[in-house]
Every structure is written in C-alpha cells, then in structure tokens.
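**Student:**
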Amino acid sequence: MYLLVSSSKKPLYQQLYQQIRDKILSGELSEQAKLPSCRHLATELHVSRNTVDTAYQQLLSEGYIVGKSRSGYYVETIPNTKYSVSTEVAPDTTAELQLDRILYDFRYGNLSQQAFPFAQWQRLTNFCLKQYKEQFMNYGDLRGEPGLRRELTKYLHEYRDVQCTPDQILITSGTIQCLRLICQLIKNEIDTVAMEDPGFSDAHSAFTNRGFHVPLVPVNYHGLNVKALRNTTANAVYVTPSHQFPTGRTMSIARRLQLIDWAYERNALIIEDDYNCHLRYDVKPAPALQGLAPDKVIYIGSFSKILSPSLRIAYMVLPKNVALSLQQKNKNFSCSVPFIIQKPLELFLQENLFEGHLRKILRQFKKKRDILLRALQKHFGETITVSGENAGIHVLLDLNQPISSAILIDKALKAGIYLSSNNIWVESSPSKMGRVLLGYGGIKDEDIDPAIRLLRQIWLK
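The UniProt record's numbering puts the first residue of the sequence shown at 1, with every later residue one more than the last.
Shown next as structure tokens:
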C-alpha cells in the first residue's frame, strides 16, 4: 500500500519512488517480486500513468528493479536487503511545513552565521579575484589546486597526524563524492564493503547503488566490533572512528589496532571518514587512523562542520598505490570544486587563520553543548539517555519509552520544532524506544532551553 499526498511539496512520482525503494531495501518487497503494472497502480492511486512510469524509470536507472520484455517490472536481487533505514513511515508533514512556523531548528549539520569567518573570507576572495585572474579563467589541476593540496598536507600532519604527500590528496565537492570516486577506484578488486551498525545512510546508499555487498557490523562502546567484521567476507570497511555516526563514540586504540591487523591479514582497505574530527570538548582529538597504516587507509575529510556545508569542499588522502592508479586513470576524474573556493581556503590555511577560527567555534559549540545538556537534564531527567555529547554538533537522544521515533519527530514538527529524520542512518535492528538526533550547531543559545521544555511538554504529556 502506497500513500501519496497531493498537497505535499514533494512530487508524487518522488513519493512513490521513495516508498517502493524503502520496501525493497527493507525486504518487504522480496527479490524477483513483480511490481503492479503502470496502468493498474495508477488506477489504484488515482494518479496518471506517467507518474507511476517516472517512478519506475528512476528505480530502474538506480538498479532497484529490472524490466522484462512483455512481462513488466521485477525487484532486482540486491545484497543485504534486511537492514532498515527506519522501518517506520513518518506521517507526511511536508505540506504543513512552513518555515515561518518553525520556532526551533535542531536539524543535523546546520550551523549558525557566527560560525563562519565572513570578513576574513571576503577579504581572501577579493584578493584572489584581483591577483589570480589567469588561474580563475583556466581549468585547474584535475586533483585540485596544487597550493591547496600542499597546505592540506601540512594541516593534516599537524592536526590529524595524517602521513601523506600532496600527490596523494584529491579535492572533492563533498564526502559523498569521495565515496563515489572510491567506488570507481576499487570496483575491480573489491566486492564487499562492511559498515558500522548503526551507520551513515548516505554512505550505505553510495556503496549499494554501485553494486557492492554491504554487511552491517555492530558497534559497541569501543567502536566497530572487529571480531564480527572477521565473520564477514568484506575486503573493505567504512568507519567513522573519531566520532562514530550517529552514536558519537570514539574507537579505542585497541580496537583501531585490531582493525589494522584485520586489514593486513585480509589485504583489505579501511575507508576512514574523519568528519567532526576537531570538535571534541573535554579531551584532545584522537589522531586519525590513517597515521597508523597509511598504506591501508583511504582518509576522507571535510570542512563542512568547521567552515560551512555550502562551500562543498572535502578531500581524500589515498594510499600511494591507489593514488598512482588514479593518476593513470585521471582522464576519468576532474575536480568539481571551483577555483574561487579552493584558493581562499588555501590562503586561509597558509595565513594560519584556521587555528584561531577553530578555537572560536570550539568555544561556541561547547557553550551550546553545555546549555543543551543542562536543559535535557532539567526537563527530562532520568526519562532519557543521551550519547555522543563529548564531540561534534549533535547528540543522540533515547526516550526511555516504547514509542515510535517517527511519531516523536512529527509531534515536534507540529509544535514548531524541526528535527532531522531518522533516515540519515541505517541499522539492522532499530531501537524500540523513541530515538532522535538533536543537532545544535544552528540553534541560538537562548532558544535551547525553551525548545527542550517544549519537547518535554509534547512528548511526555
């Protein structure tokens, strides 16, 4: 049964595509199951055949279904479909959502205006437009501007203990582009990429959509369970060791060494996503995993949480042999980040402005974190469990009651509180308790306490 809301801002075909996709990935639609004909489903849903056909064509292009001549559409065989992106279907509130009705915004990844160095960035951008006119009018290096890669080499060594040369760095327009490029680089040698359970849903989609088998490996207090990883056939693994998403845990040194041993024993690759690596409030950030095994780790970093997500600038550090392979195939790659973004960032690092900026935002985010934790304790007390509070710009909140997370998110939205959907992570066994993610990077300090008070009123009344 599919539910399409005509008043929603999301097109009808996209609603239908999403619902069919979720049923396939959750296993509700089994492999080789026949989908209804376009005519039949259009009649049942009271929509045009074109709406159904457009949804089917999108599913077909992404490999979720296969068309058989004179027979129809069937669910494609997809490895590991028994996971859940969140098996709950939240009520569609898109039609009701008006930005002027949002009182408090706790969406994941948002940043306040105070978190960006506007004056410094404007100065550097203007300088680049005046001094680098020739470079501005030409295509740059396919791997990214050489000056930026040199500065990143120094920056990564100093701040993250990453061991690399500029030739090993590739500039990209975001973490997901990094993952897509990695898929192209490894597809001929690797067929199974393990992931943390729970883990980042966009990463899961990046791998599964390109034909990789993606077993989910449980995470405990010390990080990824390497013993469980050994029981899979994986020859690569995607991990977030500095700040596990979404739990916020840090992988212990013992577990890191076990993971590296696994990589050498199996001749496997580790894909390290080092997002939020700098944002630790009570202890110094742990060094990157890459520094312990540079030849076995593909390292991914981004400036989205410490500068701005709208800059769309990330990078990856490749092992030397993989970097060499990339250079030999560089006709298949091109840097998608504009020169006018890369060059100011290069100067920002070169002029040692990053360190002062990092100290500033750490103070800002720590203050927000402290206000949030006090508010949660004050208004919820023992009715909740909070994790991930020592780093990053979000916490994971478990309401110790058997209630649907989707209902909690919907109730919050109707009261004017915007929370991220739980679809941003995948997990094999969704919690029976209400679980939501609170992102505090973009909310004003003075709004945190009243927002948490309101959440208590609508969730525990």
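We put the beta carbon where it would ideally sit given N, CA and C, even for glycine.
Suppose you measure from the CA of K367 to the CA of H157; what does that come to, to the nearest Å?
**Tutor:** As a working note, residue 367 is residue 367 in the sequence shown. As a working note, residue 157 is residue 157 in the sequence shown. Distance between the alpha carbons of K367 and H157: 28 Å.
**Student:** Roughly how far, in whole angstroms, is the beta-carbon of L129 from the beta-carbon of F118, given that I think they are within contact range, below 8 Å?
**Tutor:** On the sequence shown, position 129 is the one that residue 129 refers to. On the sequence shown, position 118 is the one that residue 118 refers to. 16 Å between Cβ atoms; not a contact.
**Student:** So what's N191 in DSSP terms, helix, strand or just coil?
**Tutor:** Looking up residue 191 in the sequence shown gives position 191. The question names Asn, yet the displayed sequence has Asp at residue 191. The answer is coil: DSSP assigns D191 none of H, G, I, E or B.
**Student:** Please list the terminal residues of the continuous alpha helix (DSSP H) segment that includes residue 464.
**Tutor:** The chain is shown only over 1 to 461; residue 464 falls outside these bounds and no answer can be derived.
**Student:** Would you check if the region 224-233 and the region 186-199 touch, i.e. whether three or more CB-CB distances between them fall below 8 Å?
**Tutor:** Enough Cβ pairs lie closer than 8 Å, so yes.
**Student:** Could you tell me which residues DSSP pairs with R280 in its beta bridges?
**Tutor:** Residue mapping note: residue 280 aligns to position 280 of the sequence shown, counting from 1. Bridge partners of R280: A391.
**Student:** Consult DSSP for G147 and reduce its assignment to one of helix, strand or coil.
**Tutor:** Within the sequence shown, numbered from 1, the residue matching residue 147 stands at position 147. It is helical.
**Student:** In the DSSP assignment, find the unbroken alpha helix (DSSP H) run with P344 in it and report its ends.
**Tutor:** Position 344 of the sequence shown, counted from the start, is the residue given in the question as residue 344. Per DSSP, P344 belongs to the alpha helix (DSSP H) from F339 to Q350.
**Student:** Just the C-alpha distance for E76 and S61, rounded to the nearest angstrom, thanks.
**Tutor:** By one-based count along the sequence shown, residue 76 stands at place 76. By one-based count along the sequence shown, residue 61 stands at place 61. About 12 Å.
**Student:** Looking at the secondary structure, which residues open and close the alpha helix (DSSP H) in which P450 lies?
**Tutor:** Along the sequence shown, read from residue 1 onward, the residue named residue 450 stands at position 450. Taken as a continuous stretch (DSSP letters only), the alpha helix (DSSP H) holding P450 covers D445 to W459.
**Student:** Could you pull the DSSP bridge partners for T385 from this structure?
**Tutor:** Here residue 385 is taken as the residue at index 385 of the sequence shown, counted from 1. DSSP, once it has assigned bridges, lists D398 as partnering T385.
**Student:** Taking Cβ to Cβ, would you say L373 is nearer than 8 Å to V436?
**Tutor:** Position 373 of the sequence shown, counted from the start, is the residue given in the question as residue 373. Position 436 of the sequence shown, counted from the start, is the residue given in the question as residue 436. With contacts defined by Cβ atoms closer than 8 Å, L373 and V436 do not form a contacting pair.
**Student:** Who are the Cβ neighbours of H379 in its own chain at under 7 Å, not counting the five residues just before and after it?
**Tutor:** Stepping through the sequence shown from its first residue, residue 379 is reached at position 379. Hits under 7 Å: I452, R453 and R456.
**Student:** If we count the other Cβ atoms within 10 Å of its Cβ and call it buried at 16 or more, is L59 buried or exposed?
**Tutor:** As a position in the sequence shown, residue 59 is number 59, starting the count at 1. Buried, because 16 or more other Cβ atoms sit within 10 Å of the Cβ of L59.
**Student:** What do you reckon, are the CB atoms on I260 and A236 nearer than 8 Å?
**Tutor:** In the sequence shown, residue 260 corresponds to position 260, counting from 1. In the sequence shown, residue 236 corresponds to position 236, counting from 1. No; because the gap between Cβ atoms is not below 8 Å, this pair is not in contact.
**Student:** So what's V5 in DSSP terms, helix, strand or just coil?
**Tutor:** Reading the sequence shown from its first residue, position 5 is the one you call residue 5. In the structure shown, V5 sits in coil (DSSP, three-state: anything other than H, G, I, E or B).
**Student:** At which residues does the alpha helix (DSSP H) containing I407 begin and terminate?
**Tutor:** The residue labelled residue 407 in the question sits at position 407 within the sequence shown. Looking at the DSSP string, the run of the alpha helix (DSSP H) that includes I407 is S405 to K414.
**Student:** Please list, in chain order, all residues of the same chain as N400 whose beta carbon is under 8 Å from its beta carbon, the five residues on each side excluded.
**Tutor:** Within the sequence shown, the letter at position 400 stands for residue 400. Only residues of its own chain outside the window of five on either side were considered, and among them E382, T383, I384, T385 and M433 have a CB closer than 8 Å to the CB of N400, listed in chain order.
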